[in-house]
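Right, one structure below, let's go through it.
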Amino acid sequence: SQAEMGFEQSDIDDLRRLIAETNVVLLAITILASVLHLLFEFLTFKNDVDFWKSNTDLTGLSVRALWLDWMSQVVILLYLIEMDSSLLMTIPTGVGMVIALWKCQRGAGLKFVKVSAGEREKKAW
10 SQAEMGFEQS DIDDLRRLIA ETNVVLLAIT ILASVLHLLF EFLTFKNDVD
60 FWKSNTDLTG LSVRALWLDW MSQVVILLYL IEMDSSLLMT IPTGVGMVIA
110 LWKCQRGAGL KFVKVSAGER EKKAW
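In the numbering used here, the protein residues as written are 10 to 134.
Have a look at this one:
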């Protein structure tokens, strides 16, 4: 049942009221627009990752612009969280922020290097 999935009675009543009081055509258009938005956003993420995975030449790409894009994504995500926005907006923005950070790492050429305990002790001296 819905209560077992974590929905409160007020949430269930709000959903029933939404379905009962909203024009069916408007509700269908809203759902269709949301589904298309998520689809196009997923395809954008897919193409962005494919481009950056296969790209070896940074000619014409600005690393500074990549970092500014990531910072703007962080600000937008924090704003959405602060405003208690719907997960339909917050989750794709969070995924976009993680992808933007990955693009910064690729564009700037940063790499994670694992340092063993023995090497760490040598560097401490």
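Backbone N, C-alpha and C define an ideal beta-carbon position, used for all residues, glycine too.
Going by the beta-carbon positions, is the gap between residue i and residue j smaller than 9 Å?
{"i": "ILE85", "j": "THR102", "result": "yes"}
{"i": "GLN82", "j": "ALA126", "result": "no"}
{"i": "TRP76", "j": "ALA117", "result": "yes"}
{"i": "ASP59", "j": "LYS112", "result": "no"}
Between the alpha carbons of residue i and residue j, how many angstroms are there, rounded?
{"i": "LEU47", "j": "ILE21", "result": "24 Å"}
{"i": "GLU50", "j": "ALA37", "result": "20 Å"}
{"i": "VAL33", "j": "ASP93", "result": "27 Å"}
{"i": "GLY15", "j": "ASP23", "result": "15 Å"}
{"i": "LEU97", "j": "PHE121", "result": "32 Å"}
{"i": "LEU35", "j": "LEU87", "result": "30 Å"}
{"i": "ARG73", "j": "GLN18", "result": "49 Å"}
{"i": "LEU119", "j": "ALA42", "result": "38 Å"}
{"i": "VAL124", "j": "ARG115", "result": "21 Å"}
{"i": "MET80", "j": "GLU91", "result": "16 Å"}
{"i": "GLY135", "j": "VAL44", "result": "There is simply no residue 135 to check, as the chain begins at 10 and stops at 134 in what is shown."}
{"i": "ARG25", "j": "THR39", "result": "16 Å"}
{"i": "GLU13", "j": "SER63", "result": "45 Å"}
Item to check | Whole runs of the alpha helix (DSSP H) within the segment 20-83, excluding any shorter than 4 residues | outcome: Whole alpha helix (DSSP H) segments, 4+ residues: 33-63.
Item to check | Length at least 4, wholly inside the segment 96-127: the alpha helix (DSSP H) runs in chain order | outcome: 96-117
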